[in-house]
Structure formats: structure tokens, C-alpha cells
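Following: one structure in C-alpha cells, then a few remarks.
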Amino acid sequence: MANLKTSLAESSDRVSDAPVYNWVYRWLPKAIWPYAQLARWDRPIGWQLLLWPCWWSAALAPQAVAPSAVHTGLPSLWHLFLFLVGAIAMRGAGCTYNDLVDHDIDDKVARTRSRPLPSGRVSRRQAKLFLVLQSLLGFLVLIQFNPFAVLLGILSLLTVAIYPFLKRFTDWPQLGLGLAFSWGALMGWAGHWGALSWSPLLLYAGSILWTIGYDTIYAHQDKEDDALVGVRSTARLFGRHTRQALTVLYLGAILLFLAAFATSAMGASGGPSWPAYAALAIGAVQMVWQILSLDIDDPDQCLGLFKSNTVFGWIIFFGLIFSALFSLSMPVSGS
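Numbering of the sequence shown is given in the working numbering, commencing with residue 4 and proceeding in unit increments.
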């Protein structure tokens, strides 16, 4: 099956590690396909996973104080939209940058050999120009926020710049991805309050553990090729102990999310209400399902479990939204 997908990709300007039929191939002119593939528009799971910490933080931040006639506790729709556009743009820019850095490695790995750069369908100069355009869009989104959030967003570029090189020097490149992909846990809070506190820092730490977990599952798809070309990963590090490692990572993530919710209150009646904590419990069940289902020697199943983490994202987000709605429906003390 993998060989058939690779053959089809190479013969039709498609990439082997993306769905054979998706909206890019149906709706976009063929000349744009290589750029859409560079930005991974044909694989939305990446920007979804980048988006969730942003939306969680944006939904948690308003609940730090009790709702009132002028403060609903619900997240700003404008901020949610900005994070959506920013996640798509910066995930695309990050993937383009990663492909430029990993050009030679991608040419040696079966799953990535058909990507635009190693296949020669895009030149390095064209990829760099496309990287600049996506980064400019991300910057236009960033400057819609307050000055503190803008500075914080610029600092995130340090983690993005370092991440592609880690697989050459450490068994923990997934930690680097976690540092970059979880930054939104800080941004959502900073975008609302113009400052940080313990709550977003704990949310950030929990998101890092979550990211290491799901990307370890993803990395098991490539472990044989990675071993041949010398690429390191937590998948290779954990090996047959991956299930135990995921248990530690996911349990740590849930406990840190719980601490983030518990420390978010800025007043006696602030903080999320019971639906947020119920969602954490449901999310923990989803994580347990991932761990128990995992077969590290089945690449297709690893990909499916990796993608299922967007379900976890929805669970936590809706828990926070229902938390705000529940608090809004309760009578204000003393009124």
C-alpha cells in the first residue's frame, strides 16, 4: 500500500504522505500544488494541533474573573479568528522552513521523498520566497494584538528556528516541537490580559507534554528510515517502552492542565467551572484509548491515533466554552 501511494504521488505531482484526494487537488490549479504541499494545506491536522493551545488559552483567560454584565467570560471571536489564520500561516511557514533545512534528509526517507523540494518541483529560492510571504501574513496577524503579545509572539521564532536541527543532535526533537507548537498557550492569555501568570505557564507545560506524546506516535511511522539516515526521535528512544512513556507524558499533561485551570482565578469567584474539569476527565479517557490502542509497528494506525488528538483539542475547548456559559447562567453573588 505504501509503495502504491508513493508511486501514485511521484507520477501525479502528489505527495505520498498526504491523502490522495483532498481539497488541494480538487480545487486549486496544479501550478499551486507544490506550494500547498510545502505549507501542508493538504494535511490540516498540523495547524489544528498548533491552534488548540491558542484557543484553550484564549478560552481560559476571560474566566479568570467572575462574569458580569460587561464581562461574559467567553473568548473574543476576533481573537479566535486571528489565532486560526495565524496557525494556518505559521504552520505553513514552519513546514516550509523545515523542508528547506531537511532537504537532504527528506530525499532519503520514503515517506518524504515525493515532497516538492526533494522531488525538484520547487526550487529552494521559490520555497524561500513562499516562506517570506507566509511569515508576513503571520506578522500581520500578530500585530493585531497588544504590544506584550506581539513581543511574546516574536520570541516564539527562537523555538521555530531551532526545532528542525534537533533531530541531528538529540533523541528529544519532539521536545523542541512541543516548545514551538505549545506557544499559543501563552499567546491566548497574553492577548487577553497583556501579561502572563502561573496559569498560562502551566497550560504551556502541559501542552508540551501532550505534543511530545502525540508526535512520538507520529514518529513511529519513520523509525526504520530514521535509523538508516541517523535521524533521532523519542520514537526510537522509547522503542518498545512507548506505551509506558505515553502514560507518563499524558498523565503529566492532564495534571498540568488541571493545575492551570485551578490557578487561573484572579478573584474569589473566578476560574473555570465544572464543565471544564469534566472535559479534562473525558480528554483523559481519550488519551487512555490512544495508549491502549497503539501498535507502534502499524504506521497507518499510528497516523490515525496521531490525528485523533484534534478530538482531544475539541474536548478541552468545548469544556472551557461550556464552563463560561454555565458561569454566565449562574446568579452573581450578592446581586
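Each residue gets a CB set at the ideal place from its N, CA and C atoms; glycine is no exception.
> Terminal residues of the continuous alpha helix (DSSP H) containing residue 331?
Replying inline: 312–332
> Can you name the start and end residues of the alpha helix (DSSP H) that residue 29 belongs to?
Replying inline: Residue 29 -> alpha helix (DSSP H) spans 26–30.
> At least one CB of chain C closer than 7 Å to the CB of residue 106: is that the case?
Replying inline: Note that chain C does not occur in the displayed structure, where there is just one protein chain.
>> Here's the rule I'm using: 16 or more other beta-carbon atoms within 10 Å means buried, otherwise exposed. How should residue 80 be labelled?
In response: exposed
>> Just to confirm the assignment, what range does the alpha helix (DSSP H) spanning residue 107 have?
In response: 106–109
> Can you tell me the Cα-Cα spacing of residue 291 and residue 213, whole angstroms?
Replying inline: 13 Å
> Would a C-beta distance cut-off of 7 Å place residue 158 and residue 189 closer than the cut-off?
Replying inline: no
> Among 276, 257 and 325, which has the Cα closest to the Cα of residue 286?
Replying inline: 257
>> By alpha-carbon positions, which one of 84, 283, 332 and 293 ends up nearest to residue 319?
In response: 283
>> Rounded to the nearest angstrom, what separates residue 248 and residue 305 at their Cα positions?
In response: In a straight line, the C-alpha of residue 248 is about 15 Å away from that of residue 305.
> Is residue 296 buried or exposed, if buried means 16 or more other CB atoms sit within 10 Å of its CB?
Replying inline: exposed
>> According to DSSP, is residue 151 part of a helix, a strand, or is it coil?
In response: helix
>> Rounded to whole angstroms, what is the Cα-Cα separation between residue 322 and residue 294?
In response: 22 Å
> What beta strand (DSSP E) runs, 3 residues minimum, are completely inside the region 45–98?
Replying inline: The region 45–98 contains no whole beta strand (DSSP E) run of 3 or more residues.
>> Tell me the DSSP secondary structure of residue 258 in three-state form.
In response: helix
> Could you give the residue range of the alpha helix (DSSP H) that holds residue 298?
Replying inline: In the DSSP assignment, residue 298 falls outside any alpha helix (DSSP H) and carries neither an H nor an E.
> Run through DSSP, which three-state label would residue 16 get?
Replying inline: coil
>> Since residue 207 and residue 185 should fall inside the 8 Å C-beta cutoff, what is the C-beta to C-beta distance between them, to a whole number of angstroms?
In response: Contact holds; Cβ gap of about 5 Å.
> Mapping DSSP to helix, strand and coil, what is residue 276?
Replying inline: Residue state, collapsed to three classes: coil.
> Are there three or more Cβ pairs, one per stretch, closer than 8 Å when the region 190–200 is compared with the region 40–54?
Replying inline: no
> Are residue 67 and residue 267 closer than 7 Å when you measure CB to CB?
Replying inline: yes
> Looking at C-beta atoms only, is the number of pairs between the region 126–143 and the region 52–70 that lie closer than 8 Å three or more?
Replying inline: no
> Is the CB-CB distance between residue 326 and residue 276 below 7 Å?
Replying inline: yes
>> Going by DSSP, what residue range makes up the alpha helix (DSSP H) through residue 22?
In response: Note, residue 22: premise wrong, no alpha helix (DSSP H); not H, not E.
>> Taking its Cβ as the centre, do 16 or more other Cβ atoms sit within 10 Å of residue 82, making it buried, or is it exposed?
In response: Classification of residue 82: buried, given that the 10 Å Cβ count is 16 or more.
>> If you measure between the beta carbons of residue 254 and residue 218, is that distance less than 7 Å?
In response: no
>> For residue 265 and residue 132, what's the separation of their Cα atoms in angstroms?
In response: 45 Å
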